[in-house]
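Numbering follows the working numbering, with no gaps: position 906 of the sequence shown is 973. Cβ coordinates follow ideal geometry from the N, Cα and C atoms, glycine included. This one's a predicted model, so the numbers in the text were calculated from it and none came from an experiment.
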Amino acid sequence: MSGAYRIKGAGRLTPARTARFTFDGKIYQALEGDTVASALLANGVHLIGRSFKYHRPRGFLSAGPEEPNALIDVSRDSLRKQPNVRATVQEVFDGAIIASQNRFPSLSFDVGAINDFFSPMFAAGFYYKTFMWPKAAWHKIYEPLIRRAAGLGNAPTEPDADHYSSRYAHCDVLVAGGGVAGLTAALAAAKTGASVILADENAEVGGALRFDTGTVIDGLPGFDWAQKVFGELRSMPNVRVLTRTTAFGYYNHNFLALAERVTDHLAVPARHQPRERLWQVRAKKVILAAGAIERHMVFANNDRPGIMLASAARTYLNHYGVAIGENVGVYTAHDSAYETAFDLKKAGVKIAAIVDCREAPDPKLLDEARALGIEVLAGHSVYDTAGRLRVSSMTVGRNGGSNKRKIAIDALAVSAGWTPSVHLFSQSRGKLKFDVENQRFLPDIHAPQSVSIGACAGTDELDELIAEASAAGGSAAEFSGQNARSWAGGMIGAAEGAGEDTGVKAFIDFQHDVCAKDIRLAVREGMHSIEHIKRFTTNGMASDQGKLSNMHGLAIASEALGKDLPKVGLTTFRQPYTPVTFGTLINHSRGALFDPTRKTPMHDEEAAAGAVFEDVGNWKRAWFFPRAGEDLHEAINRECRTVRETVGVFDASTLGKIEVVGPDAAKFLNLIYTNAWDTLKPGRCRYGIMTREDGFVYDDGVVGRLAEDRFHVTTTTGGAPRVLQHMEDYLQTEFPGLNVWLTSATEQWAVIAVQGPKARDVIAPFVEGIDLSSEAFPHMAVAEGKFCGVPTRLFRVSFTGELGFEINVPADYGAAVWQTIRERAEAVGGCLYGTETMHILRAEKGYIIVGQDTDGTVTPDDAGLGWAVSKKKTDFVGIRGLKRPDLMRSGRKQLVGLLTKDPQIVPEEGGQIVADPNQPKPMTMLGHVTSAYWSENLGRSIAFALVADGRARVGETLYIPLVDKTIAAEVTDMVFFDKEGARLNG
């Protein structure tokens, strides 16, 4: 056998299948299917860890994901190590290396336990009142000590050797929870033909049926029925059943995140298998069948190892075949704990007594207890416990009485009733209501296409639950069930044994060592909001998110405040429902893929041509193309001259491209951009400015109208994702009535810009179906045809001020078309050019770059683009923002040109600008330089700057003070080259 406390014939595990593991260096034997918790209990081990603040000995409190105490370190080897794993969830595998946490030098002797002796100094909120004096001690003493004490486990020091995966899925129905309600709903939905995903966090479906042996459904024992339905669901092609999978996040529009533990239970995972998998699921309908969580009793010293939830004791017995002790006490305010006592007694475990704080428990339960020879102390409470590393006795007395009785025990099962698990429901933004009769919060107003069923919805009777679940799935119930007994009772808040004494440690939040007295102290300190009480005490802020403690904390606060519990409120349930590893969330996004590098279709050809690349967001862009013997400046100067004199070829594929299609496409763009689009004719382009609600420039780009209902929108390279999100946000939330579709096309088109006096000569031989003459195809025209025999969208646009074309071809053909154009351009004296040359050429013509020449506080008028704001439109995003007095006042910073007095000096970008360089500090800053370059074509430096009242200062001399010198510069307009624009229309 695998332990002295394993009961022969009990449980569902197979004795022949064993696994060996170590805990704190000692070897133990388990059965396949054991959790670390059940395996250690089978070997008589209750002490599992130390609490966070007081370092008190702690044991297993639960048998599921709500566990606050049993956090362990799990390793396979030095490269596969994870701290803070819940021992009640982690399955044992052969060779597992398990270690306890938060103790030194050992679990049984922890020097940190001295904190318990000094606990009066560490009352709730002590950190708000201490560590303030002497001031110098914070950095040298307090902060280093606090940082060393922070946390429970030790983070791995080696890179994670495991790999993780991610899946996206869509389904008609997603069912979260595989208990009776979840299985029934999933089966009902599947039989309608709907595609169904059923997710359950346990290794086996069944939920409460794992411990409840008194349930019969469709003539079968409850757990057997669950396995039968499980098999039926798995055999159906329209159903996906995910065990060991937790629905940890419920987001907008029925989008849920699931974490699947794929190989955590395997001794030797296959190399191709991920450790964990992230599922991102969009469901038409979500059925929440999350069940309920048992509450512990709040009384003095209720945290000793060996004290656990009654349902946990029953799970360890009936599912794992493990007795939690040889002489077990039961302390309860709810009927369900009696069944734990009965099951243990029938398995041969001595029940020292059932202590029921209710005066009149169900007579049928009393009769059955009497028949089994179990003493029941009704109207009594547990006032204290004893035992250092494991509970050894409980002190019992009549409610309100003075006489106490000490009863020897080696384990204590407790139950204060059940709390519906409404965490996922609350994440969905559903609204709760308070059930006064049963003192619990229940789902009330659901998110669209979402429903809660079963225990999480407050449905207690089995037949009602089956009918409710069947209806949620879309069909009538085809079977019925019955429980051996109906449950009643329950309490929230402090029991009789918690007392009003400020020195009693009656724990409500085990992981953070929060006691009933701490909640009362918070109220005395003036914390009247439940959110303030939560933060003052840290109740519910541990990794279990208060699954066991929240209701108790609320009830104690309600009593202290003298308010009804619903008026005290409820703290916010946030994602994730249970802790999720970074590996699951990050998946493949680590190492080289942490910040993925994007390359254009022409990248390899550019590299072969000698390009030096720069990072622009995620993109690798050709910065310049040096020839033999050229340095950076020589190469760029050559490229700039060549484009102006003959022709240059530039890779513009990184520009964002969004397809806007639909009958209301023009109307939509009218609302998104500041200028008008309904007047734009098909075959023409227009430069557009996009503002935020506050009126500041958000993005810009050229938009081509391909047809009455189709626009090709370009954005800045870095702005593509946020612009698409911006558009989608407004389309879905502000303009949902518009018939428009938005599609990102950035990756679909390779874009080659051909710029310069000979641009038309370079591309003409390869163009089919488009007349390239100036009359037929003027500046700001767009047409569809063929280029080199492949489909093209040809734009006549320029970001250099020269005759220019942008050739859009399908990305797969980009490299071939690029090479063809390159050869043709070089034959006529042209060259390839990179982003630095592009920047200089655009600056020579006064073209801005959003994000470089704007800073989030620049309006279109500030940027010299007031002409692009329609005076006729009555509405667009930002129209009201632009009318704010502050955006219309004089003195605003405006974009202007700068020419340094010494033409050889290039000012530094970001350099501050002043009117008087001799002014005493602090000097009055008028603005700053946004762009600055050496212009080979002009034979001097040029710059842009944002300057207060800039346009009114044209002709003035301003100054840029630097550390070693001051640069004088004249304010000018922004066009430095070809002011008449004759070259653009060649």
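Could you tell me which of the options sits nearest to residue i, measuring between CA atoms?
i	options	result
residue 81	386, 288 and 174	386
residue 334	800, 653 and 158	158
residue 645	567, 629 and 612	612
residue 141	246, 458 and 221	221
residue 748	727, 774, 725 and 584	774
residue 86	227, 796, 99 and 75	99
residue 235	348, 734 and 895	348
residue 217	665, 168, 1012 and 560	168
residue 823	1049, 785 and 838	1049
residue 78	745, 995 and 277	277
Please report the distance separating the alpha-carbon of residue i from that of residue j.
i	j	result
residue 319	residue 495	7 Å
residue 1045	residue 907	14 Å
residue 810	residue 580	52 Å
residue 647	residue 326	7 Å
residue 68	residue 233	Per-residue confidence for residue 68 stands at a pLDDT of 46, beneath the threshold of 50, marking its modelled position as unreliable; the derived number appears in the next sentence. Looking at the two C-alpha atoms, the distance is approximately 39 Å.
residue 952	residue 1035	33 Å
residue 642	residue 297	28 Å
residue 880	residue 713	26 Å
residue 506	residue 429	19 Å
residue 705	residue 870	19 Å
residue 502	residue 487	11 Å
residue 852	residue 833	11 Å
residue 922	residue 783	15 Å
residue 444	residue 402	14 Å
residue 609	residue 135	8 Å
residue 835	residue 718	22 Å
residue 821	residue 889	10 Å
residue 772	residue 861	12 Å
residue 267	residue 721	43 Å
residue 53	residue 629	For residue 53 there is no data in the structure shown, the boundaries of the chain being 68 and 1053.
residue 475	residue 183	24 Å
residue 431	residue 554	12 Å
residue 40	residue 794	The first residue shown for the chain is 68 and the last is 1053, placing residue 40 beyond what the model contains.
Can you find a C-beta in chain B that's less than 8 Å from the C-beta of residue i?
i	result
residue 381	The structure shown has no chain B; it contains just one protein chain.
Looking at the structure shown, is residue i part of a helix, part of a strand, or coil, going by DSSP?
i	result
residue 186	helix
residue 609	coil
residue 68	The pLDDT assigned to residue 68 is 46, lower than 50, so where the model puts this residue is not dependable, and the model offers no usable value.
residue 85	strand
residue 323	strand
residue 670	helix
residue 911	helix
residue 832	helix
residue 774	strand
residue 1026	strand
residue 1047	coil
residue 349	strand
residue 1039	strand
residue 120	coil
residue 961	strand
Our contact map puts residue i next to residue j with C-beta atoms below 8 Å; I'd like the distance itself, whole angstroms only.
i	j	result
residue 522	residue 358	5 Å
residue 246	residue 281	Between residue 281 and residue 246 the Cβ distance is about 15 Å, and since that is not below 8 Å, they are no contact.
residue 702	residue 694	7 Å
residue 830	residue 866	Not really, about 17 Å apart at Cβ, beyond 8 Å.
residue 254	residue 540	7 Å
residue 576	residue 625	At roughly 17 Å, the Cβ-Cβ gap does not stay under 8 Å, so residue 576 and residue 625 are not in contact.
Nearer than 7 Å: is that true of the beta carbon of residue i relative to any heavy atom of the ligand ZN?
i	result
residue 224	Ligands are entirely absent from the displayed structure, and the ligand ZN is therefore not among its contents.
At least three beta-carbon pairs within less than 8 Å, the region 535–550 to the region 284–303: yes
Requested in this report: Indicate whether the contact test is met: 3 or more Cβ pairs, each with one atom in the region 125–144 and one in the region 154–172, closer than 8 Å.
Outcome: yes
Is the region 929–944 close to the region 723–742, with three or more CB pairs under 8 Å?
-> yes
field: Contact between the region 661–679 and the region 846–866 (3+ Cβ pairs under 8 Å)
entry: No, the region 661–679 is not in contact with the region 846–866.
inquiry  = Count Cβ pairs between the region 565–572 and the region 418–427 that sit closer than 8 Å; are there 3 or more?
reply    = no
Should the region 431–440 be called in touch with the region 100–109, which here means at least 3 C-beta pairs below 8 Å? Verdict: no, contact absent.
*Given 8 Å, three or more beta-carbon pairs between the region 797–808 and the region 748–765*: Per the Cβ contact rule, the region 797–808 is not in contact with the region 748–765 (fewer than 3 Cβ pairs under 8 Å).
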